[in-house]
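*Asks:* Residue numbers (UniProt numbering), protein chains in the order written: chain A, 1 to 328; chain B, 1 to 1114.
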Amino acid sequence: MSRPAPSPIFTLRGAGAPLNTLHFSCHGGDTPLLFSGSGKGAIHMWNLNTRRAETVAEGHSGNSVVWVNTLQGTDTLISQGRDMRVCLWDLSEGRRAVLDSLWTGSVGFCQCSLLEMSTGTHLLAFAGQQTEEIKIVELPSKTPVCTLVPDAKLGMIMCIKLWQPDSGPGPLLLAGYEDGSLLLWDVTQRAQLSQTKAHPEPVMCLTFDPQCLRGVSGSSEKDLCSWRLDGQNNLQLQDSVTLVNPGVSQLCVRGDGKLLASAGWDHRVRIFGWKKLRPLAVLQYHTDLVLSVAFSDHQDPRQRLLAAGSKDQRISLWSIFNEGADTG
Amino acid sequence: MPTIMHQISDPKIAFAYLRPACVLLTKAPTVTDVETLSAQLKEIDDATLQQLQEYVLFPLRFVLKVPGTKKDKLVQAVAEAMSHVLETTCVQSWETLRDLLSELCLCLCTPTDPGKPAETSEELKSAVLRCLDALLHAAYGDIIFKLFEPIMLPGIGSAISLLLALGEKERSRDVQLAALKCLQALTLQCDCTQEHVVPSSQERGALGSTMASFLPGITMAVSRIITGDLRHGHAVTVRAIKVWYRTVGLVMEDAQLQAGEPCRTAPPDLGRVSQLMVHRSQDWVKSTAGRLSSLLKKIISCSSAHQHWRVRLEMVELGEHLLARCSRSLGECVGLLLEALVGAVNDEEPRVRKRCEVVLREVSQRNQSRSSAQTFTDILSENLHSLATSLPRLMRTSDDQKKLFVLNVFLGYLKVLGSQVSVVLNSAAHLQRISKALMQVLELDVMDVRIVEERSYAATIETSSDSYHSYAARIQRRHFLYFTDEKIFSLLMEICRTLGYYGNIYLLTDHFLDLYQQSSAYRKQAAMVLNEIVRGAAGISVATEAQGLESQVWGKSVTQDDLKVAVVSIMEEYTSLNNWHLITVSEEAERDRQDQQLLSPSSLLSISNSNVGCHTQTNSIQEISSSFGSQSSSPSTSALHQLNSNIWQLCIQLEGIACFAQALGRDFRPLLMTSLYPVLEKAGEETLLVSQAALGSMWDISKACGYPSLKELITENCDYLLNDISLNLQRLSQHPQAPRVLTVMLTHSDCSLLPLIGDIVQDVLMALDLSYQHTAALFCSVLHALLKALARWFPSNSSRTSNSVRPKQNPTHEELFNIRQFMLDHQKEKELAEGIGIEDDLEDLNENPPPLECEDVDDIGGPDVKAELPLHLSVTKDIMERCIHLLSDPSLRLRLKVLDVLELCVCVLSEKENELLPMAHRCWPPLLQRLTADDPLAVLRAFRVLCTLGETCGDFLRRRVSKEVLPKLSSSLLRQALTSAKAGPVYTHTLNYKLQLAVLQGLGSLCQRLSLGDAELDAVCEACLPYLSCRQPIRLQEAAISVFQHLIQVDPDGFWFTLNELHCPSSYIPPHPDLHPIQLSGMGRARDEFSDNALRLLREEFGSAAETEEQPVS
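1. Quick one: list the residues of chain B neighbouring SER7(A), beta-carbon separation under 9 angstroms, in chain order.
2. Once DSSP output is grouped into helix, strand and coil, what is the label at PRO144(A)?
3. What residues from chain A crowd round LEU937(B), counting only those whose CB sits closer than 7 angstroms?
4. So the candidates are HIS308(B), VAL690(B), VAL416(B); which of them puts its Cα closest to the Cα of PRO350(B)?
5. Cβ-heavy atom distance between VAL1043(B) and the ligand NAP below 7 angstroms?
6. Assign ILE134(A) to one of three DSSP states: helix, strand, or coil.
7. At the level of alpha carbons, what is the spacing between GLN827(B) and ASP889(B)?
8. According to DSSP, is PRO18(A) helix, strand or coil?
9. What residues in its chain sit with their C-beta under 7 angstroms from that of ASP700(B), if we drop five residues either side in the sequence?
10. Select from ASP10(B), THR247(B), CYS1030(B) the residue whose C-alpha is nearest the C-alpha of ARG1096(B).
11. Using Cβ-Cβ distances below 8 angstroms, what residues of the segment 48–77 of chain A are close to chain B?
12. Distance cutoff 8 angstroms, beta carbons only. Does ARG13(A) sit that close to anything in chain B?
13. Could you check whether the segment 195–202 of chain A touches the segment 173–187 of chain A, counting it as contact only if at least three pairs of C-beta atoms, one from each stretch, sit closer than 8 angstroms?
14. Closer than 9 angstroms, Cβ to any Cβ of chain A: which residues of the segment 663–674 of chain B, in chain order?
15. For PHE109(A), go through chain B and note every residue whose CB falls closer than 9 angstroms to its CB, in chain order.
16. Give a yes or no on whether the minimum CB-CB distance between LEU753(B) and chain D is below 8 angstroms.
17. Relative to the alpha-carbon of SER200(B), which residue among SER213(B), GLN256(B), SER158(B) has its alpha-carbon at the smallest distance?
18. For PRO890(B), which three-state DSSP category applies?
19. Decide if GLY1002(B) is buried, meaning its Cβ has at least 16 other Cβ atoms within 10 Å, or exposed.
20. Within the same chain, show all residues whose beta-carbon is closer than 7 angstroms to that of LEU931(B), passing over the 5 residues directly before and after it, in chain order.
21. Give me, in chain order, the residues of the same chain whose beta-carbon lies closer than 6 angstroms to that of TRP648(B); leave out the 5 immediate sequence neighbours on both sides.
22. Compute the distance between the beta-carbons of ARG85(A) and LEU102(A), then report whether it is under 8 angstroms.
23. Tell me the rounded alpha-carbon separation between residue 1121(B) and GLU320(B).
24. Which runs of the alpha helix (DSSP H) at least 4 residues long sit entirely within the segment 716–793 of chain B? Give them in chain order.
25. Whose C-alpha, out of SER490(B), MET211(B), GLY536(B), LEU57(B), is nearest the C-alpha of MET277(B)?
26. Are the C-beta of PHE208(A) and some C-beta of chain B separated by less than 8 angstroms?
27. State the start and end residues of the unbroken alpha helix (DSSP H) segment that holds PRO200(A).
28. If the criterion is Cβ atoms closer than 8 angstroms, does the pair SER223(B) and LEU295(B) meet it?
29. Which class does MET158(A) belong to by DSSP, given the choice of helix, strand or coil?
30. Where DSSP assigns a beta bridge to HIS122(A), which residues make up the other side?
31. Indicate whether at least one CB of chain A lies closer than 8 angstroms to the CB of VAL857(B).
32. Would the segment 23–33 of chain A count as touching the segment 60–76 of chain A if we require 3 or more Cβ pairs under 8 angstroms?
33. Let me know the secondary structure DSSP gives LEU1097(B) once reduced to three states.
34. Ignore the nearest five residues each way along the sequence and tell me which others in GLN238(A)'s own chain have a CB closer than 7 angstroms to its CB.
35. Measure the C-alpha to C-alpha separation of THR36(B) and MET315(B) and round it to an integer number of angstroms.
36. What separation, rounded to the nearest whole angstrom, lies between the Cα atoms of ALA138(B) and GLU317(B)?
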């Protein structure tokens, strides 16, 4: 910690609203892109070479966009808004049109989760109309796969994560609930595999690393709670990390499984080593809540950036712990 | 003549016609006889004359052959007659040719020494030479070649030495020319328009072989002519050069030497003559070439820089001729010849240049086609190397003319080498040598004091409307240690560009960047070179000329991507912390300047400028540099020349960025991300030179990137700029220039920028709030700049209202007569002045403290409570809020600055009274403190703010001013009046005087604006009356008059009375006897110190005294 705190390599401004969600897309084409969803319903596509918004798409009639993602292999953007709709966008050849949309009925803040099954088909998990209901559909056909409702009253569904285990037959789903519980669902069986109470407060966010079967969740209090799955798909709580200030909006593990980033309500982004959750750095730039963090999926590891979107309407981009790259 | 006259064509008649004259001539030769004959000869036609040639020539030759001295006239006449014959006929007999030649030579030489010219008249010499020339041209067929048989060597030799002597020693230019031309004809190298014998290669060989005997003599004598007296004019030199190279070209011809000397065994009967024969063996060629090269060196050094272009052109021909024929035999001269050619590539005379280009192209083509291409390049690069080695010495020692020539040669080599340059530069020795030479030659003279002294005040930065050209024109000239001529500099730059054009851009940038980093001594030069290299690599200012030489061989090899990579690496180096943040201001000087600025009279006098909307003059105090300076080294150690050097380095680097933009064109746009911020940073620098260079650079960049002006450049890239600014604002201690960049942005853009910088302003305010102590000074200048920009972008209408007051200057008669209306108005005003209308307003304000700021900006997302304030107003409010706190800052400088900011705030906010009044209320207490209990300087500024406030919210201030400000001001005015009345001329330089002046100048309009009550007006009047005294300094009197002028507008009658009390020029007789006679205390009073000004006021404000006489007094 002897080195001075790094500063962002650049910032993206001009979104004009809080930035709820960020998503990198650096695979296709030669220009790396960053998608952001704003509190005023705009989806910005930032060109990371020119550092400017290439296009701004409005698809949720002014309602806050809570989640954006891209379908791998196709030029399709998927966005979830608080107008209770999920939109699919066609981005090929410069088009910016809504292809299809899906009514979710959820008024909450729970972000969807996307899983690629095979080329062309994806599973999308989202919060349903009922408080505790999770729905899973297949894309692009929109065929409903299942609806998962817990037996006990756990409150509103807060966050979900869908993933495909190496060993198991079907995809599994992790869900965090309002009462602080974490549930593991088997999607194909529609069965609840495991449950644990991770936080005394609502689970605000969670992330899971399928490689080492570990995950971490954050809440509105100071603790980050880490947990793992044993061989029997049981959730086991592990050590927790206590932050200086309470409140975490989002957690994100870098693709190489080395870093964890947290978006703090204390305007700071914190970086941890993912193995032992050792605090590594505090990134300070924003002047309001940090709402989202994302790691770039760029092929060149040196160009893998960390982006943080904040309520102060700016996105900061950081180049940190990249071997060989300038740490700024 | 002969064509008009009928010519005699029958040989018999001709013979009969000529015979008497010929016979006569053989008997007793006289001039008249010869002239008769020659007149008759002209009537014979050519063919006939040919038949009679021998017959006619005989008497003439007989005249010459008669022993004993002959008269010059006679010989001349004979020579002229013979010339005519020889010019029209041809000599077919070898004997005639031989005899005539020797006879004519005899005419020229002294009888004793056949090699020495006789002391005869010029006319004779030129006549004989003309005859000789005619003879040589008349020689028919093969007979001429008999001349060059070994047996003739002595004869030819004496003829040659005779001609050489004439060419060299003769005083007459014509004779010299004729002799040289004869020499040319004798060696069959004549280039006149007549027909010449074309020798076969064998004959040429014989010719060359014979001439080899005389080569040393000819070349040496002719080079003496060339290098000798310059007075003999260019024609002789040109001819001599021609003789030289043609002779050398004949003897040393590669073709002849290669064919091998035919075994010319000397006939045994030659005797001593055989000793004269030369066998052109290898050794002979070698030694001759050595001698020739030393001669050539002399000739080239003498003629390459010759003033007459024909001579230089002839040198090009020389190079061409010898390189074409003798490049093998004269191997060691090739370098010299090329140098001569290359030096002419950049000749100022287009004909020379053109010819030279053609020649060089031929040369390079010839060499490329031949196997000797490698050696040719070798020679060139060798020459280049040695030239680079001697360049610094030459640049130090020689005069400008010579320097120009040397550099031209240097450039010429590069051009001739063309694409080979990159190969040559691959040799480390070459690159090293060339770069060192450039480094040394381009050394700057950094001892000029003025550069450091010159400051750009805010006013200069402000002139955003200035066009590009005004900046370009102001660019300061650089002073170099080793040369002064601007042409030399541009030549050097062209050399760099050519290097960049042909060389490998990566190699060059690496190498020069190395030099740049290596030593601070080379840094500036290396940067200059790098700038031009990049421009050259992009083909700027080189392509057109290079086209002439190598267009077909050479295309641009540097791709835009390569260029971009190079540019990025150079720019990174330029803008790195150590090379960009250089100290350019010494700290002490800076402090002095600021103090001076604070005390400068101009700022004080400007208070009178009531037109608040456009306060253009500013006294911005740039605290940035003094408080933060540069972190690297302490200014005490930085000597003047170090500062100078820093300034130049920055200028060069800024220019460099402009060059890079030019080189990349629109592709430079992405690089603006990293480059624009540093440039703007320097545009805000207070060193004039640097900020000008930065502005010039900005113009270049905006042009290169296709923006129509600086405004677009900034607004379209403001996201990049703001990104850096906002980052750096958070790390101010490391990046103290961030506010400066913001300042520059603001000055060069328009209101469209405002929404974009909204959040940055919040950043600034937040940074300010976090630590008032450390950052206040720094941010004040930003706030000041911001408000100045706001005032410019949103001109308030207060200026309009203040103008509307003016026409009311002279109250019209109607108004005066309408007494009833007047009384009503008067009553109303009196009530108002007593505060009847305001009372409840004030209560209101005290109960409702103004809403807290920051709401307006941050609450965008929240529910709408009230109509949103326009951004510029909310920003202004936020800033004004800070001003309230900063007004009582312990630092005087800061207080002054804040007062300036406050004034601007008031101007901008005046648009919306609802917002202004609460703020004015809040800032009143600290402002009052400034007005009443502060340093005079602060009082001055505070008074100015007060005036502005008075302009915009008059009523609101009335009571406060009358209660809290006026008493103090008037008492101080009264007190000072005594001092100033008695003071001498030095008093006008004191602060007290300035304060008095400022108060007097502002007081009038303030009173009028506030519509003060009678009591207050009386107090003001009382305080100002002493200043009407003619004993006061004149400007104070004028200011006092202006106060009264304003006061009279408020209350004309009252002040008419007051003035008349002071001095009344005339008596007033009541219109009706019932009325009491008027008694004014000023009546009948003797003229005193007040009379003049009182009268002036009465006259100007109330019309003439005569007019007022008639008016009834209410």
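From the three backbone atoms N, C-alpha and C, an ideal C-beta is built for every residue, glycine too.
*Replies:* Per the coordinate set shown:
1. Within the first sequence, numbered from 1, the residue matching residue 7(A) stands at position 7. The contacting residues are LEU727, ASN728, GLN730, ARG731.
2. Within the first sequence, numbered from 1, the residue matching residue 144(A) stands at position 144. In the structure shown, PRO144(A) sits in a strand (DSSP, three-state: E or B).
3. Sequence index remark: in the second sequence, residue 937(B) carries index 937 (1-based). The contacting residues do not exist; LEU937(B) stays about 37 angstroms from chain A at best.
4. Stepping through the second sequence from its first residue, residue 350(B) is reached at position 350. The shortest C-alpha separation from PRO350(B) is found at HIS308(B).
5. The ligand content of the structure shown is nil, which means the ligand NAP is not present either.
6. The residue labelled residue 134(A) in the question sits at position 134 within the first sequence. ILE134(A) falls in the strand class under three-state DSSP.
7. Numbered from its first residue, the second sequence carries residue 827(B) at position 827. Numbered from its first residue, the second sequence carries residue 889(B) at position 889. For GLN827(B) and ASP889(B), the distance between alpha carbons rounds to 44 angstroms.
8. As a position in the first sequence, residue 18(A) is number 18, starting the count at 1. DSSP places PRO18(A) in coil when its eight states are reduced to three.
9. In the second sequence, residue 700(B) corresponds to position 700, counting from 1. Around ASP700(B): ALA658, ALA661, GLN662.
10. Here residue 1096(B) corresponds to residue number 1096 of the second sequence, with the count starting at 1. Nearest C-alpha to ARG1096(B): CYS1030(B).
11. If the cut-off is 8 angstroms between Cβ atoms, the segment 48–77 of chain A has ASN49, THR50, ARG51, ARG52 near chain B.
12. Here residue 13(A) refers to the residue found at position 13 when the first sequence is read from its first residue. Chain B contact via Cβ: present.
13. yes
14. ARG669, PRO670, MET673
15. Here residue 109(A) is taken as the residue at index 109 of the first sequence, counted from 1. Going along chain B, no residue has its Cβ under 9 angstroms from PHE109(A), so there is no contact; the nearest lies around 16 angstroms.
16. This model lacks chain D altogether; the protein chains it does include are A and B.
17. For the purposes of this step, residue 200(B) is taken as residue 200 along the second sequence, with counting starting at 1. Checked all of SER213(B), GLN256(B), SER158(B); the closest Cα to SER200(B) is GLN256(B).
18. The sequence position of residue 890(B) within the second sequence is 890, counting from 1. Correct three-state label for PRO890(B): coil.
19. The residue given as residue 1002(B) occupies position 1002 in the second sequence. With 16 or more other Cβ atoms within 10 Å, it is buried.
20. For the purposes of this step, residue 931(B) is taken as residue 931 along the second sequence, with counting starting at 1. Contacts found: VAL939, ALA942, PHE943, LEU946, VAL965.
21. Taking the second sequence and counting its residues from 1, one reaches residue 648(B) at position 648. Excluding residues within five positions, the ones whose Cβ falls inside 6 angstroms are LEU444, LYS524.
22. Indexing the first sequence from 1 puts residue 85(A) at position 85. Indexing the first sequence from 1 puts residue 102(A) at position 102. It is a contact, given that the beta carbons lie within the stated cut-off.
23. Residue 1121(B) cannot be examined here, being either before or after the span of chain B that is shown, 1 to 1114.
24. 718–729, 738–747, 754–770, 772–793
25. One-based indexing of the second sequence puts residue 277(B) at position 277. The shortest Cα separation from MET277(B) among SER490(B), MET211(B), GLY536(B), LEU57(B) belongs to MET211(B).
26. By 1-based counting over the first sequence, the position of residue 208(A) is 208. Judged by the 8 angstroms Cβ criterion, PHE208(A) is not in contact with chain B.
27. Here residue 200(A) corresponds to residue number 200 of the first sequence, with the count starting at 1. Looking at the DSSP string, PRO200(A) is not in any alpha helix (DSSP H), and its letter there is neither H nor E.
28. Taking the first residue of the second sequence as position 1, residue 223(B) is located at position 223. Taking the first residue of the second sequence as position 1, residue 295(B) is located at position 295. Yes, these two residues count as a Cβ contact at 8 angstroms.
29. One-based indexing of the first sequence puts residue 158(A) at position 158. Strand, per DSSP.
30. Counted from its first residue, the first sequence places residue 122(A) at position 122. GLU116(A), LEU139(A), per the DSSP bridge assignment.
31. What you label residue 857(B) is simply residue 857 of the second sequence in a count that begins at 1. In this predicted model, VAL857(B) has a pLDDT of only 43, less than 50, meaning its place in the structure is not dependable; the value taken from the coordinates is given anyway. Not closer than 8 angstroms to any Cβ of chain A, the Cβ of VAL857(B) fails to qualify, so no.
32. yes
33. For the purposes of this step, residue 1097(B) is identified with residue 1097 of the second sequence, where counting begins at 1. LEU1097(B): helix per DSSP, three-state reduction.
34. As a first step, residue 238(A) must be located in the first sequence, where it is residue number 238. Excluding positions up to five away in sequence, the list reads SER226, TRP227, ARG228.
35. Reading the second sequence from its first residue, position 36 is the one you call residue 36(B). Reading the second sequence from its first residue, position 315 is the one you call residue 315(B). Their Cα atoms are separated by approximately 46 angstroms.
36. Here residue 138(B) refers to the residue found at position 138 when the second sequence is read from its first residue. Here residue 317(B) refers to the residue found at position 317 when the second sequence is read from its first residue. Their Cα atoms are separated by approximately 28 angstroms.
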